[in-house]
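By our numbering, the letter at position 1 of the sequence shown is numbered 42, and the numbering carries on one by one without gaps. Please read the structure below before turning to the comments.
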Amino acid sequence: MSIMNAVILNITITPDEYQRMYMGAAREVVATSVDGRRIRFPAMILRPWVTHNGIRGRFRIVFDENNRFQKIEKIDGGR
């Protein structure tokens with residue numbers, strides 16, 4: 042049986058910031074979860090939520106027992 046860990050993050054990334062990530066200047070995002078944990082994850086997992094306004098909203102990121110990314114879900118916030 043696998044154990045999944047999830048974190049909830051409020052993310053606001055401007056279009057310019059995401060463009061730098063997309064161009065390879067930064068491959069990872071470091072953010073603080075709502076419960077205070079510092080989380081590092083690949084910037085590319087945010088691609089489905091990129092708009093002309095950047096990325097904004099509350100997300101749940103699920104990791105496996107080895108802290109490997111499993112999935113990301115937008116749970117609320119602006120699009």
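All C-beta atoms in this analysis are idealised placements derived from N, C-alpha and C, irrespective of residue type, glycine included. Predicted, not measured: the structure shown is a model, and the values here were computed from it.
{"Item": "Of the residues R97, D105, N107, F104, which one's Cα is nearest the Cα of G116?", "Value": "Reading off the sequence shown, one finds Ile at residue 116, where the question assumed Gly. For the residues R97, D105, N107, F104, the minimum Cα distance to I116 belongs to R97."}
{"Item": "Would you check if the distance between the CB atom of L50 and the CB atom of F104 is smaller than 9 Å?", "Value": "no"}
{"Item": "Helix, strand or coil, according to DSSP, for D57 in the structure here?", "Value": "helix"}
{"Item": "Using a Cβ-Cβ cutoff of less than 7 Å, which residues in the same chain neighbour R79 once the five nearest sequence positions on both sides are dropped?", "Value": "V71, T73"}
{"Item": "Provide the residue(s) that pair with I96 in DSSP beta bridges, ordered along the chain.", "Value": "I54"}
{"Item": "Around the Cβ of M62, are there at least 16 other Cβ atoms within 10 angstroms (buried) or fewer (exposed)?", "Value": "buried"}
{"Item": "For I113, tell me which candidate among A84, G77, D57, D76 has the shortest Cα-Cα distance.", "Value": "A84"}
{"Item": "Going by DSSP, what residue range makes up the beta strand (DSSP E) through R81?", "Value": "79–83"}
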